[in-house]
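Student: Can you keep this structure in mind? I'll have questions shortly.
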Amino acid sequence: MNAGLLEHIKTFVRAVETGSFTAVAQEQQQSQPTVSRQISALEEHLGVRLMQRTTRALTLTDEGRTYYEHARALLEAVEAASAAVRPGEAAVTGQLRIAAPLAFARLHLMPRMKRFLADHPDLTTDWVLGDRPVDLVEEGIDIAIRIGQITDQSLIARRIGAMRRVTVATPDYWTRNGRPTHPEELEDHDCIVYTGLSTVNEWHFTGLDGAPRVVRVKGRIRVSVSEGMRSALLEGLGVAVVPTWLLADELETGVLQRVLTDYEPASMPIQAVTPSRRLVPPRVRAFSDFLAAEFRTDPRLSGRAD
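Residue numbers for the sequence shown follow this note's numbering, beginning at 1 and rising by one.
Pasting the structure below:
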């Protein structure tokens with residue numbers, strides 16, 4: 001492989017990740033037509049079209065998606081090889097593109113970033129925030145923080161923590177509707193349903209005897225983001241099963257009150273997820289290791305009781 005072809009591959013990968021020839025041109029300090037010519041030269045070399053270009057967007061073809069995944073793995077292999085022969089250098093550099101749930105990032109990722117970035121001054125981060133899972137390859141994500149089980153066999157998941165969940169509502173709601181003493185009684189309550197889980201209307205509990213219990217709930221409020229669930233709870237609109245990390249202050253001050261303490265909702269893993277690749281870039285490994293160490297000492301994120 002000649003140096004020119006490698007540069008064209010780098011340009012293609014950055015065009016996919018930024019979604020803009022102009023952005024790549026600014027990064028590489030060259031003109032937008034030069035970037036366009038490099039992509040065209042790569043397509044001519046391969047004999048396939050990798051991208052559809054319009055004035056508004058760049059869209060990968062099926063061949064482009066396949067090539068992007070392999071091209072990115074190639075560049076990471078080159079980076080890893082370079083790092084391996086640099087004495088004492090971890091090579092945690094470049095841009096780290098992270099996907100994470102919005103509320104989790106606000107409460108537990110961003111407050112930790114100052115320390116992480118201080119340890120790696122040559123690293124920048126690009127965040128994609130939201131509760132819906134994104135396509136890691138399509139969106140150019142290096143690492144995603146996800147809560148719950150990962151069913152996609154093409155992804156690599158590393159458990160870096162766990163979250164406990166509790167059943168809560170406001171004191172006013174409990175006064176008006178009564179406090180359930182058994183999970184099945186939730187069927188008669190207004191339940192705030194979080195649609196971000198695969199088991200949307202089913203709440204899973206474990207009793208003191210270790211026996212699992214599944215309750216099919218209903219309610220007039222359905223939300224797709226955890227921030228919406230928090231808002232609905234604080235307005236007294238119903239009952240919800242929530243992670244302790246989301247509402248720790250409200251639980252401590254009594255703004256929200258827990259019920260069914262003998263029936264713990266099923267805990268969920270917190271996972272660092274990466275595309276399926278043999279070589280993990282040093283920046284991805286460093287971030288995953290950092291979070292695993294951080295969460296291990298935080299009761300809200302390690303799955304331990306507070």
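C-beta: ideal position from N, C-alpha, C; glycine also.
DSSP on residue 126, reduced to helix/strand/coil?
Tutor: Correct three-state label for residue 126: strand.
Student: Using a Cβ distance threshold of 8 Å, determine whether the segment 264 to 273 contacts the segment 138 to 147, with at least three qualifying pairs required.
Tutor: As far as the Cβ criterion goes, the segment 264 to 273 touches the segment 138 to 147, which means the pair count is three or higher.
Student: According to DSSP, is residue 255 helix, strand or coil?
Tutor: DSSP places residue 255 in coil when its eight states are reduced to three.
Student: Cα separation between residue 247 and residue 66?
Tutor: Those two C-alpha atoms are separated by around 42 Å.
Student: Look up residue 211 in the DSSP assignment and say whether it is helix, strand or coil.
Tutor: Of the three classes helix, strand and coil, the one that applies to residue 211 here is coil, per DSSP.
Student: According to DSSP, is residue 170 part of a helix, a strand, or is it coil?
Tutor: Coil, per DSSP.
Student: Can you tell which of 159, 261, 175 and 230 has its C-alpha closest to the C-alpha of residue 193?
Tutor: Residue 230 is the option with its Cα nearest to residue 193.
Student: Which first and last residues belong to the beta strand (DSSP E) in which residue 59 is found?
Tutor: Element bounds for residue 59: 58 to 60.
Student: Here's the rule: buried if 16 or more other CB atoms are within 10 angstroms of the residue's CB, otherwise exposed. What is residue 8?
Tutor: Result: buried.
Student: Does DSSP put residue 138 in a helix, a strand or coil?
Tutor: Reduced to three states, the DSSP call for residue 138 is coil.
Student: Rounding to the nearest angstrom, what Cα-Cα distance links residue 44 and residue 20 in this structure?
Tutor: Residue 44 and residue 20: Cα-Cα distance of roughly 20 Å.
Student: How should residue 59 be labelled, buried or exposed, when 16 other C-beta atoms within 10 angstroms of its C-beta is the threshold for buried?
Tutor: So residue 59 ends up on the exposed side.
Student: Does residue 151 come out as helix, strand or coil in the three-state DSSP assignment?
Tutor: Coil.
Student: Assuming residue 324 contacts residue 126 under a Cβ cut-off of 8 Å, what Cβ separation, rounded to an integer in Å, is found between them?
Tutor: Missing from the structure shown is residue 324; the chain here goes from 1 to 306 and no further.
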